[in-house]
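Everything on this sheet refers to the single structure shown next.
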Amino acid sequence: MYHFTGVTHSFLHELLHQCGLVWRGSAGGSPDINTGCELICISGFTCSACVWREQSKVLRLETIKSQILSKLRLKQAPNISREVVNQLLPKAPPLQQLLDHHDFQGDASAQDEFMEEDEYHATTESVITMASEPEPLVQVNGKPSCCFFKFSPKLMFTKVLKAQLWVYLRPLQQTSTVYLQILRLKPVTEQGSRHIRIRSLKIELNSRAGHWQSIDFKHVLQNWFKQPHTNWGIDINAFDESGNDLAVTSLRPGEEGLQPFLEVKVLETTKRSRRNLGLDCDEHSTESRCCRYPLTVDFEAFGWDWIIAPKRYKANYCSGQCEYMFMQKYPHTHLVQHANPRGSAGPCCTPTKMSPINMLYFNDKQQIIHGKIPGMVVDRCGCS
Numbered sequence: 000m001y002h003f004t005g006v007t008h009s010f011l012h013e014l015l016h017q018c019g020l021v022w023r024g025s026a027g028g029s030p031d032i033n034t035g036c037e038l039i040c041i042s043g044f045t046c047s048a049c050v051w052r053e054q055s056k057v058l059r060l061e062t063i064k065s066q067i068l069s070k071l072r073l074k075q076a077p078n079i080s081r082e083v084v085n086q087l088l089p090k091a092p093p094l095q096q097l098l099d100h101h102d103f104q105g106d107a108s109a110q111d112e113f114m115e116e117d118e119y120h121a122t123t124e125s126v127i128t129m130a131s132e133p134e135p136l137v138q139v140n141g142k143p144s145c146c147f148f149k150f151s152p153k154l155m156f157t158k159v160l161k162a163q164l165w166v167y168l169r170p171l172q173q174t175s176t177v178y179l180q181i182l183r184l185k186p187v188t189e190q191g192s193r194h195i196r197i198r199s200l201k202i203e204l205n206s207r208a209g210h211w212q213s214i215d216f217k218h219v220l221q222n223w224f225k226q227p228h229t230n231w232g233i234d235i236n237a238f239d240e241s242g243n244d245l246a247v248t249s250l251r252p253g254e255e256g257l258q259p260f261l262e263v264k265v266l267e268t269t270k271r272s273r274r275n276l277g278l279d280c281d282e283h284s285t286e287s288r289c290c291r292y293p294l295t296v297d298f299e300a301f302g303w304d305w306i307i308a309p310k311r312y313k314a315n316y317c318s319g320q321c322e323y324m325f326m327q328k329y330p331h332t333h334l335v336q337h338a339n340p341r342g343s344a345g346p347c348c349t350p351t352k353m354s355p356i357n358m359l360y361f362n363d364k365q366q367i368i369h370g371k372i373p374g375m376v377v378d379r380c381g382c383s
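Residue numbers (numbering that gives the first Met the number 0): 0 to 383.
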């Protein structure tokens, strides 16, 4: 059984015509591309293997695009061009560590296990939130111009495991002690308002190259999540012994991607289950039975520049026949088919085990999210 949304009428009707499939879902037996629906394989009809396989690939790709948006709770693909992505991506260690150390193909889980309890929605693991300009209420003559961090309601109700504030310090001319100070911003009143110092660090620097400095921010973030009305942002300063502010908060030419950001890691829970075997084939296989075939999804070909990594991944798809002779594993289906061979829906070749992929992407608020999207890789196929 296959579930599709957002696929064109003409393509589905062509599939129905060639493969003897019946539509079940929308009223009047007509496809409704705005709602979920089902294509049911009817016993007694067979497709040309190559035709069915090609159409299975196209439908799988359409389904993947729809599922990714749905599982990320996005109404549409974020409108972020490649040029904007290059401007927004921070040139920072945490991002590179995510790219280096996380498996963005999605096959890191054991081959004989199912995945997490919530088998549909993506589970967030890391969120990178870029600094923006604070509200005018906390500014005097447009200062400070940084830094406010906006958080989604979903993130604010998540258990925070770790939170790091990352600040880029400009190069030094000579070895110096740097005094980094973080102030919590408050609205300015007629009597004036003193911003509250929340962190002070003394840093010994001798590098003539720029330096990323991380600051533990978990306690501050937890307080903001408990009392959102206190989050007006922060002011960051890092003065050397000559009184120069080395903290990059207002970008100069050539400092794109060096603005402060928060890296937040949150808790993820998983659930494991049992093994289920199936056949594996390649594109040149003559196997007629239900089998798993390779399929590579290329996000750049979709024009989805908002996905940072992976740029492509191996999704795989299921295709093939489910004859009665292969159905010893499904005795209830076998009995129903013999009792009413004309009216019953035969078993279809469908995924029996799927696994997640790790993804690094921009959401519709231009925040960088690292999460795990379940059910995106077909690990095994079977008849059901």
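Every residue gets a Cβ at the ideal spot worked out from N, C-alpha and C, and that includes glycine.
Straight-line gap, residue i to residue j (C-alpha atoms, nearest Å)
{"i": "L94", "j": "E286", "result": "44 angstroms"}
{"i": "V84", "j": "F301", "result": "16 angstroms"}
{"i": "S354", "j": "T295", "result": "15 angstroms"}
{"i": "A130", "j": "E262", "result": "11 angstroms"}
{"i": "L58", "j": "E322", "result": "22 angstroms"}
{"i": "L179", "j": "N243", "result": "11 angstroms"}
{"i": "I372", "j": "A76", "result": "16 angstroms"}
{"i": "V219", "j": "H210", "result": "23 angstroms"}
{"i": "R183", "j": "P143", "result": "11 angstroms"}
{"i": "P293", "j": "E134", "result": "51 angstroms"}
{"i": "K149", "j": "R291", "result": "43 angstroms"}
{"i": "G370", "j": "W305", "result": "14 angstroms"}
{"i": "S55", "j": "K352", "result": "17 angstroms"}
{"i": "D281", "j": "I356", "result": "22 angstroms"}
{"i": "C289", "j": "D363", "result": "39 angstroms"}
{"i": "D378", "j": "Q365", "result": "32 angstroms"}
{"i": "A91", "j": "R52", "result": "44 angstroms"}
{"i": "G232", "j": "I197", "result": "12 angstroms"}
{"i": "D297", "j": "C317", "result": "18 angstroms"}
{"i": "M358", "j": "E61", "result": "18 angstroms"}
{"i": "T128", "j": "V159", "result": "14 angstroms"}
{"i": "F147", "j": "Q173", "result": "31 angstroms"}
{"i": "N140", "j": "I181", "result": "20 angstroms"}
{"i": "V187", "j": "S65", "result": "46 angstroms"}
{"i": "K153", "j": "V50", "result": "44 angstroms"}
{"i": "R253", "j": "W303", "result": "According to the sequence provided, residue 253 is Gly. The question's Arg does not apply to it. For G253 and W303, the distance between alpha carbons rounds to 26 angstroms."}
{"i": "L164", "j": "V126", "result": "12 angstroms"}
Own chain residues within Cβ distance below 8 angstroms of residue i, not counting five before or after
{"i": "L88", "result": "L94, G256, I307 and I367"}
{"i": "E299", "result": "K310 and R311"}
{"i": "T157", "result": "T123, V265 and L266"}
{"i": "I63", "result": "V296, A314 and M375"}
{"i": "T176", "result": "K201, I202, E203, L204, D239 and E240"}
Cβ-based neighbour list, residue i, same chain, cut-off 7 angstroms, excluding 5 preceding and 5 following
{"i": "R251", "result": "none"}
{"i": "L171", "result": "L204, S206, R207 and D239"}
{"i": "R169", "result": "G209, L245 and V247"}
{"i": "I67", "result": "I372"}
Paired residues, beta bridge with residue i - DSSP
{"i": "S354", "result": "V376"}
{"i": "L204", "result": "S175"}
{"i": "I67", "result": "DSSP lists no partner for I67."}
{"i": "L359", "result": "A308 and H369"}
{"i": "R196", "result": "L182"}
{"i": "P163", "result": "For clarity, residue 163 is Gln in the given sequence; the question names Pro instead. According to DSSP, Q163 bridges with D215 and E262."}
{"i": "S131", "result": "F147"}
{"i": "C382", "result": "C348"}
{"i": "V126", "result": "V263 and I368"}
{"i": "C289", "result": "Beta-bridge pairing links C289 to no other residue."}
{"i": "T157", "result": "Note: T157 sits in no beta bridge, so no partner."}
{"i": "T295", "result": "K313"}
Simplified DSSP assignment, three categories, for residue i
{"i": "A300", "result": "helix"}
{"i": "K142", "result": "strand"}
{"i": "K385", "result": "Given that the chain is displayed from residue 0 to residue 383, the structure contains no residue 385 and the question cannot be resolved."}
{"i": "Q320", "result": "strand"}
{"i": "Q75", "result": "coil"}
{"i": "L257", "result": "coil"}
{"i": "L182", "result": "strand"}
{"i": "L168", "result": "strand"}
{"i": "S151", "result": "coil"}
{"i": "K264", "result": "strand"}
{"i": "C280", "result": "coil"}
{"i": "E53", "result": "helix"}
{"i": "V83", "result": "helix"}
{"i": "T62", "result": "helix"}
{"i": "P92", "result": "helix"}
Cut-off 6 angstroms between Cβ atoms - residues of its own chain near residue i, not counting five sequence neighbours on either side
{"i": "V166", "result": "Q212, I235, A246 and P259"}
{"i": "C145", "result": "A130 and T248"}
{"i": "C200", "result": "Here residue 200 is Leu; the residue named in the question, Cys, does not match the sequence. Contacts found: L179."}
{"i": "K313", "result": "T295"}
{"i": "S383", "result": "P346 and T349"}
{"i": "W223", "result": "N230"}
{"i": "A162", "result": "F216, K217, L220 and V263"}
{"i": "N78", "result": "none"}
{"i": "M155", "result": "F224"}
| What runs of the beta strand (DSSP E), each 3 residues or longer, lie entirely inside the region 206-255? | 210-215 and 233-238
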